[in-house]
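See structure below.
Protein chains: 2
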Amino acid sequence: MFPLLVATVLAAEDPLPSWKDTAPKKAIIAFVHKVTDEGSPDFVPQPERIATFDNDGTLWAEQPVYFQAFFIFDRVKALAADHPEWKEKEPFASVLKGDMKGVAAAGEKGAMELLAATHTGMTTEEFSKSVTDWIGTAKHPKTGRPYTEMVYQPMLELTAYLRAKGFKTFIVSGGGIEFMRPWTEKVYGIPPEQVVGSSGRLRFEMRGDKPALFELPEVNLIDDKEGKPVGIQTHIGRRPIAAFGNSDGDLQMLQWTMAGDGPRFALLVHHTDAEREWAYDRTSHIGKLDKALDEATAKGWTVVDMKADWSAIFPPAK
Amino acid sequence: MFPLLVATVLAAEDPLPSWKDTAPKKAIIAFVHKVTDEGSPDFVPQPERIATFDNDGTLWAEQPVYFQAFFIFDRVKALAADHPEWKEKEPFASVLKGDMKGVAAAGEKGAMELLAATHTGMTTEEFSKSVTDWIGTAKHPKTGRPYTEMVYQPMLELTAYLRAKGFKTFIVSGGGIEFMRPWTEKVYGIPPEQVVGSSGRLRFEMRGDKPALFELPEVNLIDDKEGKPVGIQTHIGRRPIAAFGNSDGDLQMLQWTMAGDGPRFALLVHHTDAEREWAYDRTSHIGKLDKALDEATAKGWTVVDMKADWSAIFPPAK
């Protein structure tokens, strides 16, 4: 084929094959053309094409609990041999017995103890290795698939499409920044330096003549709700022109994104497919979508109805 | 010319014309070839090619005081009309009288008051605008040149060379992150999301129905000394393979960089040229270079002797 014909055919190829030809797909493609077509009155220069994605419930699933919680439980079990006292001590005892009600009863204080025991008191490299080891072997309790295959195929296509159009894609998640970085490049094509998440404080010190960074049990940033625009400004330093989320935890990120000048895009993933995934929103204990859904409706933001708008949910099993 | 010949000629072009053919230039080029030539046993995949640069004294000058201090003094003068009490109140009174000894006498407490008065209590956008306005008009007291022309031509060439070879270049500076971001892309080709610096805490809040981020008078990160590896891990999430600095404030960044596996490069700019720039090191109140110089000598890191190794210091006046 002649070059022009090749270009035409390539341009006609569907960049979002797992999205049905419904309103969300049309809105995404219209926005991307509006900001990237040369000569468009709403053209945005490439460096300003910043797109931010929530992770839990937006790029990968989040039920029955955030996957990072499964990592914590598995780490407690793996570390239990070195901590015989955990058999008698809550919330560790409940984790070891697999008693999720007992874990929940320990509340936020218990959660912080579990987080401290599994995420701190080691170097960043040691923690990173513990994540890599876990995510390479752990399986989701319902589907039996690796967590890295519990990602949404339509969102993989969307992030790749945006990058092909000159966008820089960032994760902005309430999840732990160091929990995500070891695998986001391989799974999403998003490198560690484009991952924003909740973090603890770090301390630099010399171990003999070898420098190390230690994870401290002190909160640095909770990258959720009001923390998301803070994380965006701290890490990225400019306002996104497109933001993607699925819960009330993403509302402030979407508000911050939409309040800038020029063309803007905000999208919420609404989990409506109990058969292929999960169906939950206003009353869910994970990924509650209530205020953000009202605001999206009132302001005309794009809302994906997973059941109606996505022809596939997860990628084919490897 | 035939394509192969064009490629050969281009490859033969000097990527660092303001560097004399002395040891530092040879070391830089040898390192870059070692990590980027296909088939090199030390080849580093492109995503891992992270290079970090200190700013004050490494990318631009820092005498007679950090340029951010001039910004602070000018802002105090600009804001003085709204603060009649500053005429009687230190350290503001000394700033308004141009009494630098009086400012210095106010010590760190005074410095924090000046920082708070000029950098906080406003939105990130208002602060950014104050920087952009200042840097577009302010002139260096000795040279009369805009501060954005007080940058080192050899370092501009170096950052561009590294990027052309697939490196991602980051600033990691003790200076204020939001003080640098408004101009680093234009001046250095380094976008806001690749700037790491000292920062205050931010607060998200709604101004009516418009979201805003406020600069709070609380320290988030002092990105100097031990804070530099912390800033690198927090923002970038992987260890650089090359790092460039000029003072003891950069020592931990260089140590952290050199302690990784595989090929590594560390460079210190030594200010030795009192005629074309400034000469200072072990006893300087700004950019003190003492311990880091000893460690560079002991470990064979590259040290640039500005007078001997650079054929030009600043870019030609615009």
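Going down the list, the protein sequences come from chains A and B. Numbering that gives the first Met the number 0 numbers the first residue of the first sequence as 0 and each following residue consecutively. Numbering that gives the first Met the number 0 numbers the first residue of the second sequence as 0 and each following residue consecutively. Backbone N, C-alpha and C fix where the C-beta goes; we use that ideal spot for every residue, glycine too.
Among B:265, B:296, B:123, the one whose alpha carbon lies nearest that of residue 243 of chain B = B:265
Residues that residue 194 of chain A contacts on chain D, provided the C-beta gap is smaller than 7 Å = Among the protein chains in the structure shown, which are A and B, there is no chain D.
task = Check the Cβ-Cβ distances between residue 123 of chain A and every residue of chain B, and say whether any is below 8 Å.
result = yes
query = From residue 56 of chain A to residue 246 of chain A, what does the alpha carbon distance come to, in whole angstroms?
reply = 8 Å
ask   = Quick one: which chain A residues come within Cβ less than 7 Å of residue 51 of chain B?
value = What residue 51 of chain B touches in chain A: nothing, since even the nearest Cβ is about 11 Å away.
task = Closer than 7 Å, Cβ to Cβ, to anything on chain A: give me those residues from the region 60-81 of chain B, in chain order.
result = none
inquiry  = Closest to residue 182 of chain A by C-alpha separation, out of A:24, A:21, A:54, A:153, would be which residue?
reply    = A:54
inquiry  = Between which residues of its own chain and residue 16 of chain B is the CB-CB distance below 7 Å, once the five residues before and five after are set aside?
reply    = 156
query = Under a three-way DSSP split, which group does residue 55 of chain A fall into?
reply = strand
query = Going by beta carbon distance, what residues of the same chain come within less than 8 Å of residue 170 of chain A, once the five residues before and after it are set aside?
reply = 51, 52, 53, 54, 58, 179, 183, 187, 189, 193, 194, 195, 196
Alpha helix (DSSP H) segments (min. 4 residues) lying fully within the region 272-311 of chain B = 290-298, 305-308
ask   = Near residue 219 of chain B, what residues of its chain come up, given a Cβ to Cβ distance below 6 Å and the 5 sequence neighbours on each side ignored?
value = 198, 199, 200
Three-state secondary structure (DSSP) of residue 2 of chain A = Only weak support exists for where residue 2 of chain A lies, its pLDDT of 49 falling under 50; the value from the coordinates is given anyway. The answer is helix: DSSP assigns residue 2 of chain A an H, G or I state.
ask   = For residue 267 of chain B versus residue 303 of chain B, is the C-beta spacing smaller than 8 Å?
value = yes
request  = Rounded to whole angstroms, what's the CA-CA distance from residue 109 of chain A to residue 71 of chain A? Just pull it up for me.
outcome  = 12 Å
task = Out of A:23, A:317, A:175, A:294, state which residue places its alpha-carbon closest to the alpha-carbon of residue 111 of chain A.
result = A:175
task = Could you work out which residues of chain A lie near residue 297 of chain B, taking near to mean beta carbons separated by less than 9 Å?
result = Those within 9 Å of residue 297 of chain B in chain A number zero; the least Cβ separation is about 11 Å.
Near-chain B residues of the region 204-219 of chain A - C-beta to any C-beta below 9 Å = 204, 205, 208, 209, 210, 211, 212, 219
Neighbourhood of residue 76 of chain B by C-beta distance below 8 Å, restricted to the same chain and skipping five residues each side = 94, 95
key: Helix, strand or coil at residue 202 of chain B [DSSP, three-state]   = strand
query = When Cβ atoms are compared, which residues of the region 245-272 of chain B fall closer than 7 Å to chain A?
reply = 251, 254, 255, 258
query = Considering only residues of the region 217-253 of chain A, which uninterrupted beta strand (DSSP E) runs meet the minimum length of 3 residues and lie entirely inside it, listed in chain order?
reply = 241-244
message = Could you tell me the alpha carbon to alpha carbon distance between residue 316 of chain B and residue 134 of chain A, rounded to whole angstroms?
response = 55 Å
key: Cβ contact (3+ pairs, closer than 8 Å) linking the region 248-267 of chain B and the region 29-45 of chain B   = yes
message = Between which residues of its own chain and residue 224 of chain B is the CB-CB distance below 6 Å, once the five residues before and five after are set aside?
response = 248, 251
task = Starting from the beta carbon of residue 180 of chain A, find every residue of chain B whose beta carbon is closer than 9 Å, and list them in chain order.
result = 236, 237
request  = Can you pull the chain A residues whose beta carbon is under 8 Å from the beta carbon of residue 191 of chain B, in chain order?
outcome  = 235, 236, 237
ask   = By the 10 Å Cβ neighbour count, where 16 or more other Cβ atoms means buried, how is residue 140 of chain B classified, buried or exposed?
value = exposed
request  = Assuming residue 312 of chain A contacts residue 151 of chain A (C-beta within less than 8 Å), just tell me the rounded distance between them.
outcome  = 6 Å
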